[in-house]
Amino acid sequence: MILGASWGLRSVVFLCEIPKGKGGRPSKSLTLDQAEAVLKASEGTALHAYVVLSLLLGARTEELRALTWFDVNVDSAPPSIMVWRSVREGGDTKTKKSRRTLAMPKRCVDVLKLHRERQAIAKKAAGDRWRDNDLVFACKAGTELDSHNARRSFRAVLK
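Numbering (full-length UniProt numbering), first residue to last: 1 to 159.
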């Protein structure tokens, strides 16, 4: 379809001003090299699975800290995690619309299986001190990992 020259004169676009926009905060996203370095640095640490899921799935820290093993489906096709809860100081921030199920690549599946094995060893070592909350990412006693602990552990990986 060929538009006549008069079409431009009738378009509301020409009656509007283009917004100037505002400068935002600087990006804190990682480059590919930085992400690979963080993944490598986290290997062998208790935070490795947490870092892998964060980087490869884009799951937020408050979502991963609330993740339970019930929400993890490593044997389904496709493997997935249900990101249906979120923990912040004010409580769960998820709504029905913000809940989502994320398909996982093989690397996430492998790291979660290894993480589950390591957690079983930690659970046995903790004995009666372990509080079974079914959390994927927990403190040494099985209790909820708070945001301060997660950040502290992540900073240690970055160093």
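Glycine included, every Cβ here is placed at the ideal spot set by N, Cα and C.
If you compare alpha carbons, which of the options is closest to residue i?
i	options	result
Ser-153	Arg-100, Ala-66, His-48, Leu-32	His-48
Asp-132	Val-51, Ser-29, Ser-27, Thr-68	Thr-68
Leu-39	Lys-28, Leu-53, Arg-99	Leu-53
Val-87	Gly-127, Arg-65, Lys-123	Arg-65
Cys-139	Pro-26, Ala-35, Asp-33, Ala-46	Ala-46
Leu-57	Ala-126, Val-111, Phe-70	Val-111
In or out: residue i buried (at least 16 other Cβ within 10 Å) or exposed?
i	result
Phe-137	buried
Glu-63	buried
Ser-98	exposed
Ser-42	buried
Met-1	Residue placement at Met-1 is poorly supported in this model, since its pLDDT is 45, which falls under 50; the coordinates are not used for a value here.
Give me, in chain order, the residues of the same chain whose beta-carbon lies closer than 8 Å to that of residue i; leave out the 5 immediate sequence neighbours on both sides.
i	result
Val-109	Val-74, Pro-79
His-115	His-48, Ala-49, Val-136
residue 161	What is shown of the chain runs 1 to 159, which leaves residue 161 out entirely.
Lys-113	Val-74
Can you check whether the CB of residue j is closer than 9 Å to the CB of residue i?
i	j	result
Ala-103	Val-83	no
Val-157	Val-51	yes
Enumerate in chain order the residues of its own chain whose CB-to-CB distance from residue i is below 7 Å, with the five nearest sequence positions on each side excluded.
i	result
Asp-70	Note that residue 70 is Phe in the sequence shown here, rather than Asp. Same-chain partners within the cutoff: Asp-134.
Asn-149	Cys-139
Lys-94	Trp-84, Arg-85, Ser-86
Trp-130	Lys-123, Ala-141, Gly-142
Looking at residue i and the ligand COA, is the gap between the Cβ and the nearest heavy atom below 8 Å?
i	result
Val-38	Questions concerning the ligand COA fall outside what the structure shown contains, since it holds no ligand whatsoever.
Please list, in chain order, all residues of the same chain as residue i whose beta carbon is under 6 Å from its beta carbon, the five residues on each side excluded.
i	result
Thr-61	Ala-150
Are three or more beta carbon pairs between the segment 137-155 and the segment 78-86 nearer than 8 Å? no
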